[in-house]
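In the numbering used here, the protein residues as written are -7 to 891. The structure appears below as structure tokens.
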Amino acid sequence: MNTIIRIFIISLLSTSVSFAQVIKGKITNQTGEPIQYSTVYIQELRQGTTANIKGDYELRLKPGTYTIMYQSLGFEPIIANLTVTDKTLIKNVILPVQYYSIPEVRITATGEDPAYIIMRKVIGMAPYYLNNISHYKAEVYLKGNLIINRIPKIIQKQMKIEARGKSGEVISSTTMKAGDVYMMESFNEMEFTAPDKYKQKVISFKSTFPDQGDNISPMDFIEASFYQPVIADIAVSPLSPQAFSYYKFKYLGATSQGNFTINKIQVIPKRKSQQVFEGTIYIIEDLWCLQSVDLTNENLAGKITVQQLYIPVQDDIWMSVSHKFQANISIMGFKADAGYGGSVKYLDVKPNLTLQKPKTISTNYTGKPAATPVLKDTAVTKNQTQINKILEKDELSNRDMVKLARLMEKESVKSSPDSSRKNLEIKDNTSRTVEKDAAKKDSAYWAAIRPVPLSDAEMRSIRVSDSIKAGSTLRESKSDTAKTSSKKEMSKFTKTIRDISLGKTWYDSTGLRFTYGGLVNLKYLTFNTVDGFTYGMDFRISKTWKNSNSFSVYPDIHWAFSREKLMWNVGSSFRFDRMKQRQIYMNAGVKSNDFLSEAGGINKLLNTATSLFFEKNYLKLYEIGYFALGYTSEILNGLKLTLNAGYEDRRILENTTDYSFINTSAEYSDNTPLNRYLEPGENPMHAIRDMKHADIMTTFTYTPFQKYRVRNGTKIPAGSDWPTFGISWTHSFDEFSELTSPWRQTDKFRFEVSKRSEIGAFSEFRWRLKAGGYLDNSHVTFYDFFHFNSQPIPVLLNEYPDAFMIPAYYSMSTPELFGEAHVKYTTPYLLLKLLPGLSNTLMRENLSFSSMASKHNAVYTELGYSISEFLFLGELGVYVGFDNLQYRSIGAKVVLKFD
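Below is the structure:
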């Protein structure tokens, strides 16, 4: 909800200047009713502002003559030429209703709604309008308010507004209640440089919100535009290339404004969903760009309405000068109305001269041929020729639309600076600075620069806030001080008990940090038939230096009650040269280990539940005493090397307890994995035994053209358009005491390639291919088999991206040459989400394919269908398995995600 609100609030732009000369008045309709948040645009200054909820507006301008446009959605614009003198000018405006008619030329022979003819060109041109500005500088004003209609008592107790003294003590406080009004406003300087560099300077801000509101910044979401396919990962834009999959469009008519024809188009979701908009958009004929937007999104938090108005601020560069945002919030008994409005004054706007403008959109707002800018490269490219050819058509097909959008996207990418396209580093090009006295501006300052008059409720909110702040200068009485001291002592004792029980992190200014996991940590209280109940705790000590180098030690200890065995682990790592992601690490300890731990393993909490309640002990364990030392480093961008050497002392373990909460007719199984290679008659060298093992492993992973970010001197991978390739080689030494030459050597190879791609709005496609084998597997024990992630239990507590959902645990493990494949396609709408009752949820549907082939085993294939984000908790699915394409079994799955 916060993300949705911030997207539309923060794009609001404003004016700054404080002049003595004033134009003010009221904007109403023909019946005298005020038109809320009407747009007032001053053409000479490229400045837009809005009226308030009562339709009142106020402008402070230098003496002179100005062309002022009064406009609101659903009304005809009024243009007035006004002369500002040294006296206040009252200008009341009545906006007539805007009527739209359907011209005969729009009636198609095929019967297709004319809206689709228009939308195909608009969608195709969206990449152009998203990238046709190279730079702008503006003065920004933003004002928002929140009116609380209802607040549950349990929430009300947590929502206190406190005034504090200089030392931080609470002097006075009030409780947030129904009927309260809060407001915030800020005045900023904004600067944008293509492709994605934003600078914001907060000149002043004022807020009556409890947190002062100074942490709300528009920079995170100012890039949000309806020309983008998806609005900040929240909802699909009606101008998305996939829009026809989500929306129906209806032509409501056209009207003339100046020299342009404005088409009114209704946006209708194909199905009710929280990921779509509903409402009206207005399209400029021949330019195929937005003139205004009036759209609503309904989600779990309430109903959000967004209105934007675009005006040509320079030649035919249309930019938003007015944003209006209204939210009816209703969640968990809390009800409120939020509203934001603002204005912008563009100081400088520069077009993207390297992005060739199609010939069909060469008319400016005056209807005269626009001045042709001097382009850096005036040669008409092949793409531009195709673009013009498509736009010359009276009607576009869906294929034409997709092709036009793709061509415009290519031209937009080409128009980006070479450095931005060739440089793989993703820079944080958003900066925000706040002037020192930004929060100290007095009422006279705000009265002089505020372009949107305050409502009565907003003025009352400011008075209440100022009175609370004034109370912070009062001294506490001695009795109050005593009470506060008593409360502090009690809270200190309670806090100590809480820290001991639940854990705590201590840190200082030198970079030293100590974390204690706490005595009450359910993830360390488990049960299995080998160890019985186990309980433990963990610690972590770390030190980080100014150059981002860090050293960490993280020990943990556990006690196995039935086996009466202390299990422990000490891990440590030293990270340095963070641009190369270099690390030296060490691990040592003694523990009971799952044979499948390398492949994903069995969830210990889940095994605890199945054992204690159903006497199903899926987890099979062996004891391992180990020491490992490793080093990892990036050699080249995207190419990573990992070296690892380890020693293990492996011991067979047996069940030591048959305890359970509920005695059933079932009995616990032996602590031996069920696998064909462990059956009598198979190679005895594969059997589980007490043995010593040592290995050296070398792993290379490579992601071509890997993008990355740099934060605090640390390089962070950020994906690539290419797959990630991996290869590893392990040379092992294994002790077989029964042999004449007890030590045998083996070589294991593994290959892997994977990719995850976003292929549309909220849709993704991911795949992973694996293969591996031994040069000689005659002396490979079950410990070192290739193990696969099988999860047959109907209820899972973790998400396993590349798992087989039907085969039994341990059954797929093999020492043979193998090949494995996993493919998963995720989309918002596929089958069940098309039903009316489910379409308005945030759930997504998945199709999956998994397969594994190895020598002496049937080729196993698994097909699955699932719904993810189910009730925000997990995934429901059904899976069908096949052996050599012959039906094997079917199973349902519930995956609960608590991480």
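Using N, Cα and C, we set each Cβ at its ideal position, and we do this for glycine too.
Looking at chain D, is there any beta carbon in it that lies within less than 7 Å of the beta carbon of residue i?
i: N585; result: Of the protein chains in the structure, only one exists, and it is not chain D.
Please classify residue i: does DSSP put it in a helix, a strand, or coil?
i: T536; result: strand
i: H814; result: strand
i: R570; result: coil
i: P786; result: coil
i: F236; result: helix
i: S657; result: coil
i: I71; result: strand
i: L965; result: Within the shown structure, residues of the chain are numbered from -7 to 891, placing residue 965 beyond reach of any answer.
i: D369; result: Residue confidence for D369 is low, a pLDDT of 48 falling below 50, so the modelled location carries little weight; the figure read from the coordinates is stated next. Coil.
i: K798; result: The amino acid at residue 798 is misidentified as Lys; the sequence shows Ile. DSSP places I798 in coil when its eight states are reduced to three.
i: W560; result: strand
i: K939; result: Nothing can be reported for residue 939, as the shown portion of the chain is limited to -7 through 891.
i: V444; result: coil
i: A552; result: strand
Considering only the alpha carbon of each residue, which of the options lies closest to residue i?
i: I751; options: K54, T521, P221; result: P221
i: R452; options: V194, R742, V173; result: V173
i: D386; options: D278, D726, P69; result: D278
i: A763; options: P793, L494, L809; result: L809
i: E867; options: K847, E837, F874, Y879; result: E837
i: S199; options: L446, P734, Y639, G630; result: L446
i: I260; options: K240, I273, Q267; result: K240
i: E756; options: Y792, T819, N790; result: T819
i: A918; options: Y546, L767, Q267; result: Missing from the structure shown is residue 918; the chain here goes from -7 to 891 and no further.
i: T690; options: Y62, V305, T624; result: T624
i: N629; options: F743, Y694, G765, V132; result: Y694
i: L826; options: S554, L761, K374, Y238; result: Y238
i: N123; options: A227, K191, I309; result: I309
i: K538; options: L74, G593, L504; result: L504
i: I382; options: F236, I454, V114; result: V114
i: Y302; options: C281, E290, P230, Y871; result: C281
i: L396; options: N781, L231, L37; result: L231
i: A850; options: Q878, Q378, P828; result: Q878
Note down the Cα distance separating residue i from residue j, rounded to an integer number of angstroms.
i: I833; j: V298; result: As written in the sequence, residue 833 is Thr, which differs from the Ile given in the question. For T833 and V298, the distance between alpha carbons rounds to 21 Å.
i: D569; j: L65; result: 57 Å
i: S746; j: L888; result: 25 Å
i: L830; j: L824; result: 7 Å
i: I719; j: Y527; result: 38 Å
i: R681; j: Y610; result: 20 Å
i: H771; j: H678; result: 7 Å
i: L345; j: N137; result: 40 Å
i: D392; j: A72; result: 42 Å
i: R567; j: K535; result: 10 Å
i: F606; j: I798; result: 19 Å
i: I323; j: Q266; result: 15 Å
i: K46; j: I27; result: 7 Å
i: Y128; j: F179; result: 17 Å
i: V702; j: P709; result: 9 Å
i: D286; j: G17; result: 25 Å
i: R555; j: I492; result: 27 Å
i: A436; j: R442; result: 10 Å
i: E659; j: N790; result: 27 Å
i: K262; j: D105; result: 15 Å
Does the distance from the C-beta atom of residue i to that of residue j stay below 7 Å?
i: F741; j: W721; result: yes
i: T288; j: Y92; result: no
i: S314; j: T31; result: yes
i: H779; j: A591; result: yes
i: T42; j: S335; result: yes
i: V815; j: F777; result: no
i: Q234; j: A753; result: yes
i: L666; j: Y802; result: yes
i: E403; j: N375; result: yes
i: K135; j: V444; result: yes
Unbroken stretches of the beta strand (DSSP E), 3 residues or longer, contained in the stretch 100 to 147:
If we require 3 residues or more, the beta strand (DSSP E) runs fully inside the stretch 100 to 147 come out as 125 to 142.
Can you give, in chain order, each stretch of the beta strand (DSSP E) that sits fully within the stretch 721 to 769 and has at least 3 residues?
If we require 3 residues or more, the beta strand (DSSP E) runs fully inside the stretch 721 to 769 come out as 735 to 752, 755 to 766.
Along the chain, which unbroken stretches of the beta strand (DSSP E) at least 3 residues long are found entirely within the stretch 255 to 297?
When DSSP assignments are scanned along the stretch 255 to 297, the uninterrupted stretches of beta strand (DSSP E) that are 3 or more residues long and fall wholly within it turn out to be 270 to 276, 281 to 291.
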